[in-house]
Each structure stands twice: as C-alpha cells, then as structure tokens.
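If you're matching them up, the sequences are chains A and B in order. This note's numbering applies: residue 1 is where the first sequence begins, and numbers increase by one. This note's numbering applies: residue 435 is where the second sequence begins, and numbers increase by one. Below is one structure, written out as structure tokens; the observations come after it.
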Amino acid sequence: MSQSRREFLGKLGVGAAALPFVMNLSSVARADARRKQRVVFLFSPNGIVPSTFWPKETGENFKLTEILSPLEPYKSKTLILNGVCDKVRGDGDSHMRGMSCLLTGIELAPGNIQGGSDHPAGWAKGLSIDQEIKNFLQKDPATRTRFGSLEFGVMVPERADPWTRWSYAGPNKPVTPIDDPYQMFNKMYGRAKDQKALSSVLDDLTEDLKKISSAVTPADRKLLEEHASFVREMEIELKEAQASAGHRVPTIEPGVRKDNDNMPQISKAQIDLMVNAFQADFTRVASLQYTNSVGGARMKWLGINEGHHAISHNSGDPVADKDLTKINHWFCQQVAYLAKRLAETPEPGGEGNMLDNTTILWTNELGEGKSHTLDNIPFVLIGGGLGFKTGRYIKYEKVAHNRLLMSLAHGFGHTLTAFGNPNFCGDGVLGQLA
Amino acid sequence: MAVFRSSIRIDSAACAAQWSLILAIACWSIAASERTGEAIFKKDCISCHGSAGEGTKKAPHPLVGEKSPAQLAHVISKTMPEDEPGTCTGEDALKVAAYLHDAFYSPDARARLQPPHVELARLTIKQYRNSVADILAGFTKPTKSDDRQGLHGEYFDARGFGATGGRPNKALIDRLDAVVQFDFGTNSPAGPEQPAMALRVAYSGPAARQFFLFDVASGFGAPRGVFPNKIEERKFNPKQFCASWEGSIFAPETGTYEVIVRADDGVAVWVNDINYKQPIIDAAVRSDGDTTQLHGTVFLLAGRMYSIRMELCKGKELDRKKLDSCLVDSKHSFVELQWKMPHGEVEVIPARYLSPNRVPEVAIVNTPFPPDDRSYGWERGTTVSKEWNAAETNAALEVAGYVAERLQSLSGVAIDAPDAKTKLRVFAANFVQRAFRRPLADAEKKLFVDRQFESALDLEQAIKRVVLITLTSPRFLYPNVMDGQYGVASRLSYALWDAPPDSTLLDAAAANRLKTREELVAQAERMQTSLLARAKLHEFLMTWLRTERFSELSKDAKRFPEFNAGIAADLRRSLELFIDDVVWSENSDFRQLLLSDELFLNDRLAAFYGIESKKDAAFSRVKWESEKRAGVLTHPFMLTGLAYPAESSPIHRGVFVVRGLLGMTLLPPPDAVAPLPPELHPNLTTRERVTVQTKPDACFQCHGMINGFGFTLENFDAVGRFREKEHDKTIDVSGDYETRDGMLVSFVGARQLATLLAGNEQVHAAFAQQLFHHLVKQPVRSFGLTTPQKLRESFAQSNFSVRELMVEIAVMAAQHNSTEASADPKKAAQADVKR
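In structure tokens:
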C-alpha cells in the first residue's frame, strides 16, 4: 500500500466507509466492517534495554527477545516496530515530552513546570489519539458506548503534571487515570452494586416502618404509610431494573491497597476489569498506565529493591541492564496477561475471540533510560483490532511517531490527514502495517 | 396623635352622612332587639360569604384573617354589602364584625374549629444534611480553635511544601495572613524591597481594612490585628518560591460557594478535603496564555467551618526571550484568594471568614432533594413524596459510599485487621446510635447492626448496609417519634440548630437532667453560642424581612447608572451586618431593628450614596441621615428591594409592613393590576399615582392599610436615596393606621412610623410567632391556643430580647410532649424506640 495511493484516494474524496474495501486491508477487517474494534494503549516507563528488547531479525522470521519472551503464545499476532521516533521538541525535559507528547504528537505549552533539564513547560497543546478515536467512535450511534474510553492506571502518583499524564481530552486538558481498581469497579458497576445493597435492606426497612406506624396516632400513621408505599414502589422498580441488567457483575479481590508491593495484584485487577468492560461493551478504547514517566516502582517481587527510574539512569551497565531487563520482562508479562484474557474470551455477539478484534499497543516515553532518547520508542502491537498484518518485526528509518498515531485512527476508518504537529505528518500514515 | 377616624376624615364623614339613609333601610328590616351580629350576618352576608364564611362563587376567598373586630367593622361599614355599601355601619357593623371574628374569622376561632396538632414530621432537607454531617463529625477528633482570623501562611524558598510530601522543605516565613491578596511584583515574598507583605498591605492595600476596623458580627469575637510573627532575613529566590495558606473558612449560608484565585503561577486549592484528594482548583501546571482567574465551586452548609488549603508555586522565568540570561528580571507574581458567596459578589475572602485553625472534614450530602413545603411560610417536613423518598434513598447511598471510603479514618479500624469485624460492629452500633440520637435497644442493635453484618458478603458491604438501613429508617428520618429525655434533647437541638443534639446535651439526657426548665434554659443558652444557632437566627431574620424576593436586584441604567451587582451585594451585606449586630449585641433588643439610627457602610456604598469615606474602607457602623432613617424600614437594601427598577413602590413597602411586620394576611388584588406607567402621569408624584390607582372600593379593603404605611417611606427613591421632592412637588409623607381597637393613628415620615411599629404589640406578637414557626416548624397554636399570647408576654418581659425569645421558644418546644405515640409507652414500637 503506497502513500501516493492513499493520498490519491483522499483527493478523490473516497469516504471512510469505503476504505477497507479499496485499501485491501486484512482479512479480519474485510470479514465484517461492523465488527467491534478496540484499542488498548499500555504504558511502562523509563525506556527499555535495547539489547534485550529488539529482535535481531526483521520480517516474519524473528525471535522474541528476553524481554518480549512472554509474548511467545501470541507471536503470530504481534507486530514490533523499530525506528519510530518521537520528534516533538520544544519545552519540557525528555521525560515530560516523552510522556505528554507520546499520544498527542504535539509540543507542550510553555509553562511553569521545571524538569531535570530544558525549559519549564505546561500541558500538551493538543488532545491524544485515544481521545481522538473515542470522539470519533462516540459520534456514531453504531459505535457509541457508555464510557467511550476508560483510563486505567497502576500506582500512578497522586499529582498531576506532564510526567504523570499521557491522555489528553484537549489542549491543557489532561485525563486522570483511575489507578484504584475499586474506584474503577464503582465507576463501572457502582450503581448495580448499590442497588443490590439497597434491595437487601428493603424488607427490613418495610418491617421497621410498620413497627413505627403502629405506635403513632392514626393521623401521623397516614404519613408513614405513604412513605412505606414509596418504599414498596422502589422495591418493584429495583427488581425490574435488576432483571433487565443482564451482564454479570465481576468480583475483585477485596482489600488490595495502593501500595508499591501490591502492584502485581493491582495490575491483574485492572486488566480483569478492562476485559470485563470490553465484554460488556462499556468502551472500545482503553489505556493502562503503569506508574508514570520517571516512575520509581520497586519490584521487590522480582528481587529488585531499588526504584525503576534510578536504575534506568545506569542503563548500559551490565548489572543495571540485568535488572532493567527483568523489570521490562515483568511489564511484558502484564501485556501478555491482557492478551491471554482477551484471547480466551469469545467475542460477545461476534466471531472468534476478543483479541481478534482488539489491538494492544505497548509503549514507553523513552527509547532508552540513560540517554533519555526519544528515538526508537518501543511500539509493540498485539492483536487484530486494527487489521494490521501481525507476526512481524519492522524497522523503519527514523519515522515520526505522529504517523503511527494516524495509522491507529485509520485502522478505525477515521482517515485523519494529520495528527498532533502537522509538520511530522507530511508523509501520511506509516507504510508496511497492513 | 391618635384621634377617632370619623373626626379626621372629612371625605369619609361626608360619605357616611350620605349613606345613612340607605343604611337605615337595610338594618331596620330586623327588629332592633333581634339584630344580633349573627342575625345580621345570616341575613345580609351569607349569600356571598357562606354560612361559616367559607366563601361562595361570588366571594370565593374564605373570611379569615388577623383584623380586630374594630378593624373589620370599619371595612364592613365602608364596603359591605358589596351591592349596597354603607348599609351596615355603626353598631350593626360592630356587632356583625364581633360575631364573625369570634365564630370563624380570627386565628383563635379557626384553631378552635379545627384544632391544629403537632404533626409527625420528617427531617427537612437542611436538618437531614446537618444530621449526616454531625453523625459523622462524631467520629472525628474535634480540633482546638481560637478566635484568630486569617490564614496560616508559609513561604518556602524552593519548590515543594513541607506539609504535603515531596522533599521536606522548611518554611522561611511562617505567619498569619489576614487575607490572601498579594502583589509580589518581581520580588520574593521576603526580599529587601518588600520586607513583609502583610505589613505592606497593612498600610496600603484593600486588605488594610482588616487591621484598623473592628470586627462586626462575624461570629469570631473581638477585633484583632494580624502581623507577621517572624521573618527570616535570608533572601528568597525571587524567581522560584512557593507559599501555602492553610486554615478554615466559615460558611454563613448554605449554598454553592465559588472560590476564585487570581494568579498566573501554579495554584491548587482544597476545601473541606483534609486528605487533599480532590482540589477544587487544580492548576499546579500552568501553560502560557492560561486565564489568570481560576474557578472552583463547593457546596457548603451554613454555620460551619471548613478546612481550606491553597498552594502557590512560582516557577522559573517564563519570558522566552530572556530565558538564557541569568541576569533577567524575575517574572511578575501576584495572588488573590477570592470567593463569591451565595447572594454575594466576587470579593477577596474577608479575614472575618478565615481562621488559621485546622478543622476536621464535614460530611456534606450532595444528593439533590425536592424542596421542602413552604406553603405556610416556613419549611416543614410534614409531607412525603416519591421524589423525596428517592432523594433520601440516594442520599443514604451517597453516605454509605462516603463512610466506606473513609472507613479507616472514621472507625480507626483497618479493614484487614484480625479483629476488624468485632471492632467495626462497635463502630456500626455507634453510627446507628448517633443517627437515632439515643442509645439502642437490644432489638434495634440486632436489626440495624448484627443482622447486616451476618448477611453481608464482606465488612465493607456490612457497613454500607448498616448505613443504608439506618438512614432510611423512620427512627432517623422522623425525629419526633421519640419520647423521654432523648426526645427533649432532640426537640431542643433541632429548634436551635436544625441539627441533632451534641454530646453534652445527650449526656444531660442520659443523666436524666433535662427535666427542669432551668436546666433546659441553661442548655439552650449554651447551644445558642454555637455558629449553627447564629446561622439559623440569621436565616430567620432574612426570612422575616422577606429578602429572598430581592435576588437579582437590578435598576434602570438611565436613572441609576452607578447601580450594579456589586452595590446590590454590598447592600445585602450591609443589612446582614446590621441585623446580626443588633441581635447579638448585649441587649439583643428587637426594637433596635426598627429604631436604630446607625447602619453599616463601606467605601463603595459611601460613594454611591455620596458620603465621604476613606478609600478602601471596609464596612463600619455609621450614623447617616439619622433623623430621617430608622432601622430596617429605611435600610437602603430594603428600600431598593421594595421598589421598581426606576421608581419607588409604596405598595411593596406597605405590603412588607402589613405582612412582614404586622403579620397579617392580605388577599391578592381582585384583578391582576399593572402599575400606572409614570410616564403617562408626568405631573403626579408616586403617591398621587398610587392613590389614583387604588381608589376603587375593591382596592380599599387592603390598600386602606397598605398605602398608609408605604406613603410614609416616599422620601426614599428606588435605590434608597433620600429625596424631598418628586417632579418639583414636595412629597407628602404622612400616613395613618387604624389600630386594633379602632383608633386612627397618624404619623409623618419613616421615624414616626418606626416608633409606632416598635411599640406595637401586634408587631411583637407577629415577630415572636414567625420566629416560633421558623424554629419549631409546627403551627404555633398546636402548642395551645394561648401560646401566641404567652410568647408575646415573655418577649415583652425580656425587654424584647431576640436571643431570650429564641431560648424561650426552644425550651417550649423541648418541653412539649407532642405525639400520642410517645405518650403511650405500651405501643408496640416503644419496645424498640423507648429506653
């Protein structure tokens, strides 16, 4: 698929709906244009270890490296992109820009937040691609969902700044991820759970009203009887609502506090909730942010006591690289767990499993920790949601990541001609993806 | 001053003479001896008014009201019967008036025919919100407080705050800031160019008012100055520093408060959020070109203090061009902490609403409720509706979530602790007990605690179920389903606070000490010093003055170009300061509300009314046109509210006196009448125009009384400015009023009117009765037909002390054992309800 062809079609005014057919997209996309497509953005911080991350061979015959080994069961569904660079410059240090420009593809506004280097900066100047896709899907009644998007987090610090936010609803409008599974649960199922608790006390309440009624004057009793009649009405309405609710409310492990050491449990709970949300079609866009840019998780469960960010400053050192490889391997395990859960869940009301219709994009704010480079940002895509041709490792020649962001939108039939800073979009969507 | 009506009104005397012949014919058709009031009524009045004054198609309004027999007789002789007015006068009019007055017209007659009783009532919305706040406040440690004003300011020479994590950072300046309103310029907060902000503003800026003026009626006590306590000489880095202000704010009214910060550095503000979870202003990160006005809103309940924290972080240089030079000037920095109170305008939060004391979080129910019934003129909870039931249930769910979220801090129990279940049961039982305002019976503990714990899946669910069933239970929602000492305690506290009893009061109930009047008075006096009591009395006074109707005051831009929303808000504040000042002064003398020759003005109002004042002067007490003005009657907020956009309105002002001060009901005008347009009568004064318009007999019944009051205030225009003339004519400000015993009293101007009203028993009785309704939320005669009389007498005995009247009413409510249920201990529920 050549760029010139797409531009040509664009000039002809061929609409989004026609594109999958004209453009010879993958078989999944062709099979059913109306299938439920989904995308998940998954973030882990502080760069990777190039030597233990990037495969040696390009194309279809590549071997998964140490970090990527958890993806072995899904190798044929995996697409690894090298040479994609965050070319956005301007104010803010690399960590800030790496994070806040990652999904927005646009500069940070000048502002008051001073990083470890460079000029102080504020929030990103534009919305992020997940929110762009959400808005696109929410416009169409056929793809509209209850939430449009859900932003998950794991151990995200309690402060809002360009290091801790990557999803933006618009310029200067960062979206706060929910890193408490119970809060997310309440967002998704709070009403149902409340109603259940309420139904469980209504019988007792009715009894209580009767008791009190019998003790007051007939005139006063009238008021209490009226009150009781409203309680009965509510009970009936609740029963009806519950009967028509359908989807089963999941259970999550109780009492997991926000604590560094509970990161694995929190991660699992969040992934399980995300899969539930997709099953119930609450959303088709989700993001999952592990800690933050410069995040300092101490992965004691891997035998690593030092904070992630501190270690990442020593990348290249063999001891540090060993730890960093372990850390990134752990993040990859989380990605693989999500892929597994999706793969083993049949597509509700559709064909195949949910991974066939979901693309997970795992990325990072840096290429590598010590140099703080924004070149060769790791992008690993798993699943068939956007119809890309998987089972490959592609090396690009320093292409702007804005073009990948555009490709994601195009995967939904949202044919953007630019996203973020238009200067990085001149060559259109990335080639070789489909 | 007082003369008989017939001797003064030449025109009406003439009319009477003309009509006397017709009168003779009408009344003489019954033999003189049989001409009782009842007989006359049956003969001449029934056809329109019905046999018991209930009304017919011809005269649909029931014959009920507050006029005395003499006042009724006057109306009858002038206007009745409608087809032949003037045929029932003199003795006959008096007889028929006396008959109908006692048979069904007067409040007492109505109460006799249909005795009002104390009705079962649920919590009103206000009471509900206060109850939830206080149940949960019972689980937090009370903090120590003093009467200092302002906020605790800390200034740091680096990014970060010692108090809220990050690297520990010591404050270089630690002081009390009266208000947060600083212009740091390009300096640091402690640079030699600007040695101390507080000192600087003490002598120049608008904040200066806090230092020189005494504190008025704020609820914080005596005046005090605020000075920086200690300033380190060390120079700050002017390009990068942080400051935080912490303490609490007082909410005088229930409603939505808008908090506004003016700054272009990083800012965050938390209100009523002691764990700093959800800033209402979250602008720690600033991008160039952002607005410098940051807004946040928070809903607060009246009469309470709420925690507040604001952080300011000046970042590095933002000037792009000069960035690489280390010699550049620092950027200009400023900060102002403002608010917009309900009914207020944007202003820097005055020191008297700020305190450096830390306070616990207040649990505020945000669930919207349908408004309470106010058809009797006071909020009451004697009706329920499906919407109310839904709201009350949603509120219970909201509180269940709130408690579950803060379970550890409220209960002191970690949910995963080994003995959590046992301890949380104790917590739950305490919760139910606080909600029911009394100890629990065994059966109650079983139902409301044990049963919920046994059937819930986990502890969090158990707690949520306890909260749900407790807050939806009639035992919580209907506080007057209660007897004994705890019933006394609840009635006392809801009367004074609209909130449940505090622990001191409950302890007294437990010790069986709420038996004597002395003890109850002592408790009420203690409770009256609380901010909640002040808020409730304040709210009543504003209701009594009917200021709710004045919202969104606006005036004709051509006539009053300087009038704006800021003036309107200042006027309201001025009135509020005045009434609070009177009732919380030592004598708390009601009559001063009508007679005082002082009021409160600030610089803006002084300028508007053409009075000299210091620049930036805050509100202070002044004598202004004191020979012409008198208390609330001539307070410019009242005069402005009771007026049209361009013209005064004697009718609105007169109606206020009749309804508000004399407590009389007025029928609506027989037809919807638009006021005569002044431009069509360019030569008439407002008084003349109104006189023309209300001349017909149909109008006279009410306007005879209304106009007589309203005209005396005609020296004040639509914004309350004094005037002698209108259209070059000298304004006639004479008025009159026929007293309850039929005397005609004349007066000229506002002061004479005020003197009359301040000494009038009906005014005293009406005030006492309205206060009763506001506090107790039950009809005054449900406490006995003589209650209005008793109230008036005790009011007079206390030299019209408003505070003593409040105590008297609250004690009366506490002692009144109302429902049969509580009187009959054998009734079924009493096994559970009663101790």
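Ideal placement from N, C-alpha and C gives every residue a C-beta, glycine not left out.
No Cβ-Cβ contact shorter than 9 Å links residue 296 of chain A with residue 47 of chain A. Around the CB of residue 517 of chain B, fewer than 16 other CB atoms lie within 10 Å, so the residue is classed as exposed. Counting along the chain, residue 739 of chain B sits inside the beta strand (DSSP E) bounded by residues 738-748.
In this structure, the alpha-carbon of residue 319 of chain A lies about 11 Å from that of residue 304 of chain A. Taken in chain order, the whole beta strand (DSSP E) runs of length 3 or more contained in the stretch 690-715 of chain B are 700-705.
Between the stretch 129-143 of chain A and the stretch 108-120 of chain A there are fewer than three inter-stretch CB-CB distances shorter than 8 Å, so the stretches are not counted as touching. Distances from the CA of residue 825 of chain B to each of B/1145, B/558, B/979 were compared; the closest alpha carbon is that of B/558. A distance below 9 Å separates the beta carbons of residue 1070 of chain B and residue 1039 of chain B. When 9 Å is used as the limit between beta carbons, residue 197 of chain A is near these residues of chain B: 831, 834, 890, 895, 898, 899, 902, in chain order. Chain A places a beta carbon closer than 9 Å to that of residue 747 of chain B, counting this residue as a contact. In the structure shown, the three-state DSSP call for residue 156 of chain A is coil. Separation of residue 40 of chain A and residue 340 of chain A (C-alpha to C-alpha, rounded to the nearest whole angstrom) is 14 Å. Taking the beta carbon of residue 231 of chain A as reference, the chain B residues within 9 Å of it are 823, 827, 906, listed in sequence order. Residue 355 of chain A and residue 64 of chain A have their C-alpha atoms roughly 20 Å apart. For the pair of segments examined, the stretch 133-148 of chain A was found not to touch the stretch 223-233 of chain A: the number of CB pairs separated by less than 8 Å stays below three.
Exposed is the label assigned to residue 1117 of chain B, since fewer than 16 other Cβ atoms lie within 10 Å of its Cβ.
Taking the CA atoms as reference points, residue 1142 of chain B sits about 31 Å from residue 1021 of chain B. Using a Cβ-Cβ cut-off of 8 Å, residue 184 of chain A is close to nothing in chain B; its nearest Cβ partner there is about 14 Å away.
Rounded to the nearest angstrom, the gap between the Cα atoms of residue 377 of chain A and residue 900 of chain B is 52 Å. Under the three-pair Cβ rule at 8 Å, the stretch 886-904 of chain B does not count as touching the stretch 939-952 of chain B. What residue 472 of chain B touches in chain A, judged by beta-carbon distance under 7 Å, is nothing: the nearest beta carbon there is about 32 Å away.
When CB distances to chain B are screened at a threshold of 7 Å, the residues of the stretch 86-119 of chain A falling below it are 109, 110, 111, 112, 113, 114, 119, in chain order.
Contacts with chain B (Cβ-Cβ distance below 7 Å) from the stretch 199-218 of chain A involve 200, 201, 204, 205, 208, 209, 211, 212, 214, 215, 216, 217, listed in chain order.
At a cut-off of 9 Å between beta-carbon atoms, residue 329 of chain A makes no contact with chain B. Taking 4 residues as the minimum length, the alpha helix (DSSP H) runs contained wholly in the stretch 500-571 of chain B are 503-513, 524-534, 541-547, 559-571, in order along the chain. DSSP places residue 35 of chain A in no beta strand (DSSP E); its state is neither H nor E. With a contact defined as Cβ atoms closer than 8 Å, residue 584 of chain B and residue 908 of chain B miss out at about 45 Å. 119, 120, 122, 123: these are the residues of the stretch 119-134 of chain A whose beta carbon lies less than 7 Å from some beta carbon of chain B, given in chain order.
Using a C-beta cut-off of 8 Å, the stretch 183-190 of chain A makes no contact with the stretch 313-328 of chain A, since fewer than three inter-stretch Cβ pairs fall below that distance. Interface flag for residue 190 of chain A against chain B is set, since a Cβ pair is found closer than 9 Å. The stretch 871-888 of chain B and the stretch 803-815 of chain B do not touch, with fewer than three beta-carbon pairs separated by less than 8 Å. Contact annotation: the stretch 1063-1079 of chain B touches the stretch 1165-1185 of chain B, with at least three C-beta pairs closer than 8 Å. Here the alpha carbons of residue 112 of chain A and residue 1025 of chain B stand approximately 58 Å from one another.
Closest in alpha carbon position to residue 220 of chain A, among B/610, B/724, B/555, is B/555. From the listed residues A/72, A/86, A/177, the smallest Cα separation to residue 379 of chain A is found for A/86. Nearest CB-CB separation between residue 562 of chain B and chain A: not below the 9 Å threshold.
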